[in-house]
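**Q** Numbering (our numbering), first residue to last: 2 to 253. Have a look at this one.
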């Protein structure tokens, strides 16, 4: 069963993360389908912009913790796929808008920040929850977040793992717009249409220039991968992962 829904209408490609049983966590299937969908979109002239959203009232709860192991090669393959996703969203040819409802936690937070703009509804919650499971920020969050909210606010969000509610997200510039839930997709599509107004070639060059400013994304991604693989094999992560899974099992 596919875990990513694709819908193309009026030049806007809507990609819906659809793993409701895990609040759209990035499973192996979902991350591969997302990478493939973004790759297909790059050279598709019918696609002028992308809206990324989640099904069933959640954007993305983060990585699929139940599938995480200490296997370094498996971890590297997973991160390589996600780094392709990062590059397509940040430096690819198509502008993108994240439509965030409910939790955007961990890798879900990072994924939203890879998009050019973020529209949140009043249920949205953002959290850099990596430290809770003994892992470092991923998907270039330490690169994207300071650019969006400034270094001071980024450090506070990353170091405290505090939950940023929708209202605060709008106030600090984390979200470009906060709307009522019923208006979320319409507002995101409207912004995507605005971003699609440039010619395709100029958009591609502009996105590449924005990605290249202020330091090397590729260097950061490599450093991020090394940190992730190291911590994935740490005792701290093992204990935090087991505590998380034990808590999840107790709710079933």
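Every residue gets a Cβ at the ideal spot worked out from N, C-alpha and C, and that includes glycine.
(1) Could you tell me the alpha carbon to alpha carbon distance between residue 17 and residue 69, rounded to whole angstroms?
(2) Is DSSP giving residue 171 helix, strand or coil here?
(3) Looking at residue 104: is its Cβ nearer than 8 Å to the Cβ of residue 225?
(4) Examine the Cβ distances between the segment 166-176 and the segment 48-56 and report whether three or more of them are shorter than 8 Å.
(5) Does the structure place the segment 66-86 close enough to the segment 196-213 that three or more beta carbon pairs sit under 8 Å?
(6) For the beta strand (DSSP E) that residue 55 lies in, which residues bound it at each end?
(7) Check residue 64 in the structure and name its three-state DSSP category.
(8) So for residue 15, helix, strand or coil by DSSP?
(9) Looking at C-alpha atoms only, which residue of 129, 143, 153, 185 is the closest neighbour of residue 163?
(10) Give every residue of the same chain whose Cβ lies closer than 6 Å to the Cβ of residue 35, excluding the five residues on either side of it in the sequence, and list them in chain order.
(11) Express the C-alpha separation of residue 216 and residue 249 in angstroms, rounding to a whole number.
(12) Compare the Cα-Cα distances from residue 43 to each of 55, 14, 22 and report the closest residue.
(13) Quick check: the Cα distance between residue 41 and residue 83, rounded to an integer number of angstroms?
(14) DSSP three-state label for residue 104, please.
(15) What would DSSP say about residue 129, mapped onto helix, strand or coil?
(16) Taking its Cβ as the centre, do 16 or more other Cβ atoms sit within 10 Å of residue 242, making it buried, or is it exposed?
(17) Confirm, please, whether the CB-CB distance from residue 101 to residue 60 is below 8 Å.
(18) Taking residue 233 and residue 107 to be in contact with their CB atoms under 8 Å, please state how far apart those CB atoms are, rounded to whole angstroms.
(19) Looking at the structure shown, is residue 165 part of a helix, part of a strand, or coil, going by DSSP?
(20) Let's see if you can read the secondary structure: which residues bound the alpha helix (DSSP H) around residue 239?
(21) Specify, as a first and last residue, the run of the beta strand (DSSP E) that residue 7 falls within.
**A** In short, the structure shows the following:
(1) 23 Å
(2) helix
(3) no
(4) no
(5) no
(6) 50-55
(7) strand
(8) strand
(9) 129
(10) 5, 86
(11) 39 Å
(12) 14
(13) 15 Å
(14) strand
(15) coil
(16) buried
(17) yes
(18) Going by Cβ atoms, the distance from residue 233 to residue 107 rounds to 14 Å, so no, they are not a contact pair.
(19) strand
(20) 236-252
(21) 5-10
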